[in-house]
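**Q** Mind looking over this structure? Questions follow.
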Amino acid sequence: MRKHLQALLRYPLLALAFFVCTAGNAQEITVKGAVTAADSGNPLKGVSIQEKGSANRTLTNEEGTYEIRVKQSFFTDLSSPSLIFSYDGYETIEVNLNGRSQLDMQLAPEIRASQGLFSTGRAVGSPMEAISYATGQIDEAFLQTVPSPTIAGGLQGKVAGLRATPVGGQPGESAFLQLRAANSIANGQQPLLIIDGIYLNGSTLADINPEDIEKIEVLKGAAAAALYGSQAANGVIQIFTKNGKALDAGDTRFTYRTELGYSRETKRYPLNEFTNREVLDAKGPQPVLGALTADAVYDVPLPNPQDYQEDVLFRDGAFRSHYLSVQANTGSTHFLASAQRFKDEGIIQGMDGYERNTFRANLGHQAGKLGIHLNSMYSGSRQSLVEPTANGPGSLLSNSLLMTPMFGLEATNEENDSAHDWDIDNTGSGITNPLYLRDNSEQTANRSRLMGSFGATYQAAKWLSFAYTASLDRSTNTYEHYLHKGYLSTSVPGMFGSLATAGVDGSNGGGIQRTRRVNNYFTSALDATLQRTFLGFNTAFRAGFLYENHGQEFDATIGEDLAVEGIRSLDNARRNLSISSESQEVIAYSGYLAADADYKKKYLFSGAIRQEESSLFGQAEGWNTYYRISGAYRLTEDVRLKPFQELKLRAAIGTAGIRPAYEQRFETYELISGVATKKTLGNENLQPAKTTELEVGANAVFLRAFTLDFSYVQATTDDQILLVPLSGAAGFEGQWRNAGAMESKIYEAG
């Protein structure tokens, strides 16, 4: 030993070289362990364990265990080797060994956009990857990525093929919703809207508080929406609100949220600075223009230039909301209670904008095999209108934009020295001073809405359950247009006549108009669901019956020549009094069957059939039938495709309809002041328009970060509902008939 030590001391360079060579050669170590699922604790077979930066790789066996040899260096500054654990459907994890030879791992399920169950139009709720036709789903987290004070705003850009466009720029207005292409010429493109199983009666989504939403499900076309029959050719959008069930048992959650912001016009019109007429008098607030110039070119500078868009029309309109909610889950009982106050001033100067107060209470309870649920909402809103219809003539908006921008709008009236000279425009256009119009014409819309549903489920066996649901959507919409006494302009807004102008036939002017529309939509549904698994097949069937009752009442009153200023009552109107009303009721019955199946979660099948009868269908037509057949193949369940975590090919064919409106099916009369006037002739042979849709597509999740939803669609809508003029001998102006077809081809990706 001493001799060896002396040799090393005599030759230090040799000793240094020995240690360097030893350290430069990394040693191999064996790493063992087991991999299990974090959610279930079950061993995972086929998990890939790979040494980082190397082709060295192994897989777990039937018991979820593995063994891999890796190079480990102990004497250099080289970093310790790392192992990468990856498995389809689970999060990938990278772990530094740090000298360990035993390493057990738990893999958490991968969170995908499609993780939630999708239930709309199906026998039972299923993961998105188990659906064989085109759908879309938006969860709460996705909705809140870009928060919006309205549901329509929250839908924009979040589902491929869905357009959500505001109607007009007034706060509180509804939105135009369209899935894919147009299907109807006369009956609109609005998809069927459902909230917590409550069928909406055509009212606006502006009443719904976006803070209460848990998720939104979308059936994109007729094939996907066949289970909803004659209301679903334009697709279906179903909204689910929170109810506390998503909380862990024993949890209670309080939420307060306030939001402040402002809105402004997207773009202003270019300001007109020139005229093609001679300037006769450039002085004062009311310049005078003469005849056209010789060349009629717009090169004469306007006298007294004004910017009405800045001074009269637009502003930065503030909006604010306050939201408070409480959710709880005791295990057997869960609930949500919430309230919101929302105010949007809007972008038009001098207007009060839109106010909404919303209250919601949702409750669910499970008592053994019996479950009950209750969903309810009340909303009250007030809207200050610029004009009764978007972009209408003779309104504050149109007058401000069309008036030649050279008049001082603050000038007083010659008739009575009141503010804002109504006929300041002397160009012959007949445009009323927009400031006078704003001061003397007031329009408001008030809406109250009550929505509720009650349901019960009974789990008779593990494979059999029954459910009953009753729902009601009731809304009352009132509109008031008040024209102040002494109104001077001869250009009368809205539905008023000449006696609304002071001085005409001895009238002192002014008027009041009121309308009231009450909608009730009641539904009652009973169904049974059966689920069985055998020989690798997973099957589910749902059969049910639906009853619908949709009633509507409308009345309108109008009068002119007010006796007293400030009294907003029809008793205050002395002349041109008019009263009109209408009432309607629609009843429908439907029977339906939905069937979903898969074979080892690789081959997917779905079918649906619905038979429907409605008082809106001609008596000669009877029951209408709608269907869907679809299938899909999940390639990644059979073949490992390196960049794809999910790849599904699908195809579907199906039908859905477009119901006739009440006034299209029946004879209609206009009843005014006790006198009935014929309008349209009823049609005993009228039937719903029917859309037949064929779609093929693919869904993919790839590179663990991206999703793709692609569809090619061919759709044909036959038996379009069109108004055909009739000869005078018929006594009616026209009749609605089935005629014509619309075809569309759609490429959709998102």
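Reading the sequence shown from the start, the letters are residues 199 to 948 in the working numbering.
We put the CB at the ideal spot given by N, CA and C, even for glycine.
1) Does the beta-carbon distance from S598 to Q484 come in below 9 angstroms?
2) Please list, in chain order, all residues of the same chain as N470 whose beta carbon is under 8 angstroms from its beta carbon, the five residues on each side excluded.
3) Who are the Cβ neighbours of D181 in its own chain at under 6 angstroms, not counting the five residues just before and after it?
4) Whole angstroms is fine: what's the gap from D759's alpha carbon to G626's?
5) Would M575 and R647 qualify as a contact pair, given that the criterion is a beta-carbon distance under 9 angstroms?
6) Which class does F216 belong to by DSSP, given the choice of helix, strand or coil?
7) Can you look up E640 in the DSSP assignment and give me helix, strand or coil?
8) Mind checking who D916 pairs with in its DSSP beta bridge?
9) Please name the residue in L305, I546 and F517 whose C-alpha comes closest to that of R554.
10) Assign K158 to buried or exposed, taking buried as 16 or more other Cβ atoms, counted over all protein chains shown, within 10 Å of its Cβ.
11) Measure the Cβ-Cβ separation of L744 and T721 and say whether it is below 9 angstroms.
12) Could you compute how far the alpha carbon of S804 sits from the alpha carbon of Y790?
13) For the alpha helix (DSSP H) that R715 lies in, which residues bound it at each end?
14) What residues in its chain sit with their C-beta under 6 angstroms from that of Y680, if we drop five residues either side in the sequence?
15) Counting only the same chain and skipping the five closest in sequence on each side, list residues whose C-beta sits under 8 angstroms from that of Q504.
16) If you compare alpha carbons, which of A896, L847, G323 and G926 is closest to K877?
17) Give me the Cα-Cα distance between E783 and L814, rounded to the nearest whole angstrom.
18) Touching or not, the stretch 887-901 and the stretch 419-426, by the rule of three or more beta carbon pairs under 8 angstroms?
19) Given a cut-off of 9 angstroms on the beta-carbon distance, is the pair G950 and G370 in contact?
20) Could you pull out every residue in the same chain whose Cβ sits closer than 7 angstroms to the Cβ of N881, ignoring the five residues on either side in sequence?
21) Cβ atoms of I411 and F438: under 9 angstroms apart, would you say?
22) Less than 9 angstroms between the C-beta atoms of R378 and S942, yes or no?
23) Going by C-alpha to C-alpha distance, which of S579, M549, V498 and G548 sits closest to Q538?
24) Could you check how far apart the C-beta atoms of G427 and A854 are, in whole angstroms? I think they sit under 8 angstroms.
25) Could you tell me whether the stretch 838-851 touches the stretch 316-334, where touching means 3 or more Cβ pairs closer than 8 angstroms?
26) Is the beta carbon of V268 less than 9 angstroms from the beta carbon of L295?
27) Who are the near neighbours of S346 in its chain, counting only those whose CB is closer than 7 angstroms to its CB and skipping five residues on each side?
28) How is the beta strand (DSSP E) around Q843 delimited, first residue to last?
29) List the endpoints of the continuous alpha helix (DSSP H) containing Y576.
30) Let me make sure I understand the geometry here. Which of P691, F930 and S299 has the alpha-carbon closest to that of E868?
31) I'd like the ranges of any beta strand (DSSP E) spanning at least 3 consecutive residues and lying wholly in the stretch 272-338.
32) How should T556 be labelled, buried or exposed, when 16 other C-beta atoms within 10 angstroms of its C-beta is the threshold for buried?
33) Checking 9 angstroms against the spacing of the C-beta atoms, do G684 and G707 come in under that value?
34) Check whether the Cβ atoms of N560 and L522 lie closer than 9 angstroms to each other.
35) Would the beta-carbon of S461 fall within 9 angstroms of that of G544?
36) Between the alpha carbons of A795 and R730, how many angstroms are there, rounded?
**A** Taking the definition as stated:
1) Here residue 598 corresponds to residue number 400 of the sequence shown, with the count starting at 1. Here residue 484 corresponds to residue number 286 of the sequence shown, with the count starting at 1. The answer is no: Cβ separation not under 9 angstroms.
2) Walking along the sequence shown from the start, residue 470 turns up at place 272. Hits under 8 angstroms: L500, T602 and P603.
3) This structure cannot speak to residue 181, because the chain is shown only from 199 to 948.
4) The sequence position of residue 759 within the sequence shown is 561, counting from 1. The sequence position of residue 626 within the sequence shown is 428, counting from 1. Their Cα atoms are separated by approximately 27 angstroms.
5) Residue numbering aside, residue 575 sits at position 377 when the sequence shown is read from its first letter. Residue numbering aside, residue 647 sits at position 449 when the sequence shown is read from its first letter. In contact: M575 and R647 (Cβ atoms closer than 9 angstroms).
6) Taking the first residue of the sequence shown as position 1, residue 216 is located at position 18. At F216 the pLDDT is 39, less than 50, meaning the model places this residue with poor confidence and gives no usable figure here.
7) Here the question's residue 640 lines up with position 442 in the sequence shown. In the structure shown, E640 falls within a strand segment according to DSSP collapsed to helix, strand and coil.
8) Taking the sequence shown and counting its residues from 1, the one referred to as residue 916 is at position 718. According to DSSP, D916 bridges with K888.
9) Within the sequence shown, the letter at position 356 stands for residue 554. Minimum Cα distance to R554 is reached at F517.
10) Absent from the model: residue 158. The displayed extent of the chain is 199 to 948, so no value can be given.
11) Here the question's residue 744 lines up with position 546 in the sequence shown. Here the question's residue 721 lines up with position 523 in the sequence shown. In this structure, T721 lies closer than 9 angstroms to L744 by Cβ.
12) Along the sequence shown, one-based indexing puts residue 804 at 606. Along the sequence shown, one-based indexing puts residue 790 at 592. Approximately 14 angstroms, taken between the alpha carbons.
13) On the sequence shown, residue 715 is found 517 positions in, with the first residue counted as 1. Note, R715: premise wrong, no alpha helix (DSSP H); beta strand (DSSP E) at G709 to F732.
14) For this step, residue 680 is matched to residue 482 along the sequence shown. Only E640, I710 and R766 meet the Cβ criterion.
15) For the purposes of this step, residue 504 is taken as residue 306 along the sequence shown, with counting starting at 1. Around Q504: P603, M604, F605, G606 and L607.
16) Taking the first residue of the sequence shown as 1, we reach residue 877 at position 679. Nearest C-alpha to K877: G926.
17) Here residue 783 refers to the residue found at position 585 of the sequence shown. Here residue 814 refers to the residue found at position 616 of the sequence shown. Inter-residue distance for E783 and L814 is about 10 angstroms (C-alpha atoms, whole angstroms).
18) yes
19) The requested residue 950 is not part of the displayed model; the chain covers only 199 to 948.
20) Position 683 of the sequence shown holds residue 881. The answer, listed in chain order, is G816, R863, Q933, W934 and R935.
21) Stepping through the sequence shown from its first residue, residue 438 is reached at position 240. Stepping through the sequence shown from its first residue, residue 411 is reached at position 213. Yes, the pair counts as a contact, with Cβ atoms nearer than the cut-off.
22) Residue numbering aside, residue 378 sits at position 180 when the sequence shown is read from its first letter. Residue numbering aside, residue 942 sits at position 744 when the sequence shown is read from its first letter. Yes; because the gap between Cβ atoms is below 9 angstroms, this pair is in contact.
23) What you label residue 538 is simply residue 340 of the sequence shown in a count that begins at 1. For Q538, the closest C-alpha among the options S579, M549, V498 and G548 is that of S579.
24) Along the sequence shown, one-based indexing puts residue 427 at 229. Along the sequence shown, one-based indexing puts residue 854 at 656. Indeed they touch by this definition, with Cβ atoms about 7 angstroms apart.
25) Result yes; three or more Cβ-Cβ pairs closer than 8 angstroms.
26) For the purposes of this step, residue 268 is identified with residue 70 of the sequence shown, where counting begins at 1. For the purposes of this step, residue 295 is identified with residue 97 of the sequence shown, where counting begins at 1. Yes, they are a contact pair.
27) Along the sequence shown, one-based indexing puts residue 346 at 148. Excluding its 5 nearest sequence neighbours in each direction, S346 has C-beta neighbours in its own chain below 7 angstroms: G352 and P408, listed in chain order.
28) Numbered from its first residue, the sequence shown carries residue 843 at position 645. Where Q843 is concerned, the enclosing beta strand (DSSP E) stretches over F842 to I856.
29) Along the sequence shown, one-based indexing puts residue 576 at 378. Element bounds for Y576: not the alpha helix (DSSP H) but the beta strand (DSSP E), L568 to S582.
30) Stepping through the sequence shown from its first residue, residue 868 is reached at position 670. It is F930.
31) 280-284, 291-294, 303-305 and 333-337
32) Locating residue 556 in the sequence shown gives position 358, where the first residue counts as 1. That one is buried.
33) Taking the first residue of the sequence shown as 1, we reach residue 684 at position 486. Taking the first residue of the sequence shown as 1, we reach residue 707 at position 509. Their beta carbons are under 9 angstroms apart, which means G684 touches G707 by this criterion.
34) For the purposes of this step, residue 560 is taken as residue 362 along the sequence shown, with counting starting at 1. For the purposes of this step, residue 522 is taken as residue 324 along the sequence shown, with counting starting at 1. No, they are not a contact pair.
35) Along the sequence shown, one-based indexing puts residue 461 at 263. Along the sequence shown, one-based indexing puts residue 544 at 346. By the CB criterion at 9 angstroms, S461 and G544 fall inside the cutoff.
36) For the purposes of this step, residue 795 is identified with residue 597 of the sequence shown, where counting begins at 1. For the purposes of this step, residue 730 is identified with residue 532 of the sequence shown, where counting begins at 1. Taking the straight line from one Cα to the other gives about 10 angstroms.
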